[in-house]
Ligand code: MN
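In this note's numbering, the protein residues as written are -12 to 232.
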């Protein structure tokens, strides 16, 4: 059996009659399927459904999305805070906490690394664009298909460094927020040239817990720096599924 991978969704307002859609960009689905997982989308339902959902999931992919309500990490909203997704905040943080408790393999991407950090008690930098200490453009504007935008330095000895096999790689960048104070059980494994945290991983080497601030899923299927991330995630999910059965 292929491992079942839950992918978190964003809530978007469509029009007054339709009210809301819960959805995710297709590239997450494509990458999970390519790596050998069966993707399943997780709508932003009441958190009372979290444990039942986790009963059947072998891995959790926390996808990109809007900003997290700062009160959830003990901060007041910065004037440059972007849009927030109330149903997603209400569902995804309990989902992540419960998945962490069950040691289900977790991959966080963009908002996903931020949600993972908040779920672990950390906080966020709310806006890099207006932060004078952030001297690299993290909200890229590029036309003509997927491309990389800035470099990140990978910490030697980290899981991510072992996966990608380089001390420095170039990544895309579609964020205006970043991990601030690190949550419990997480360690920084990649930083941009301006010191912005670009990836974190769990301190326990026995379990797969990785968050990246860039978007490996939007790069072409088979991209040499994206494929190892999804492959390692699915390997961990297969291991989790086998241990559970
Ligand atoms: Mn960046």
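No residue lacks a Cβ here, since even glycine has one placed at the ideal position from N, Cα and C.
Item	Value
Under a three-way DSSP split, which group does residue 26 fall into?	strand
According to the neighbour-count rule (16 or more other Cβ atoms, all chains shown, within 10 Å of its Cβ), is residue 88 buried or exposed?	exposed
Would the C-beta of residue 121 count as close to the ligand MN, meaning under 7 Å from any of its heavy atoms?	no
Could you please give me the residues that DSSP links to residue 71 through a beta bridge?	54
Below 8 Å, how does it come out for the region 191 to 211 and the region 5 to 24: are there three or more Cβ pairs, yes or no?	yes
Which ranges would you report for the alpha helix (DSSP H) in the region 144 to 219 if only whole runs of at least 4 residues count?	146 to 151
Which whole-angstrom value is the C-beta distance of residue 52 and residue 84, which I expect to be below 8 Å?	Contact flag wrong, Cβ pair sits at about 17 Å.
For the alpha helix (DSSP H) that contains residue -3, what are its first and last residues?	Element bounds for residue -3: not the alpha helix (DSSP H) but the beta strand (DSSP E), -3 to 0.
So for residue 91, helix, strand or coil by DSSP?	coil
Within 7 Å: the Cβ of residue 213 and any heavy atom of the ligand NAP?	Ligands in the displayed structure: the ligand MN; the ligand NAP is not one of them.
My output table needs one value for residue 131: the three-state DSSP class, helix, strand or coil.	coil
How should residue 107 be labelled, buried or exposed, when 16 other C-beta atoms within 10 angstroms of its C-beta is the threshold for buried?	buried
Identify whether residue 140 lies in helix, strand or coil by the three-state DSSP scheme.	strand
Does the beta-carbon of residue 200, which I'm using as the reference point, lie nearer than 7 Å to any heavy atom of the ligand MN?	yes
Which value, in whole angstroms, describes the spacing of the CA atoms of residue 23 and residue 48?	14 Å
For a test of the three-state rule: what should DSSP assign to residue 117, helix, strand or coil?	coil
Between which residues of its own chain and residue 151 is the CB-CB distance below 7 Å, once the five residues before and five after are set aside?	141, 212 and 215
Given a cut-off of 8 Å, decide if residue 185 and residue 197 are closer than it, judged by their beta-carbon atoms.	no
Just list the residues that DSSP pairs residue -9 with in beta bridges.	25
Looking at C-alpha atoms only, which residue of 27, 31 and 20 is the closest neighbour of residue -1?	31
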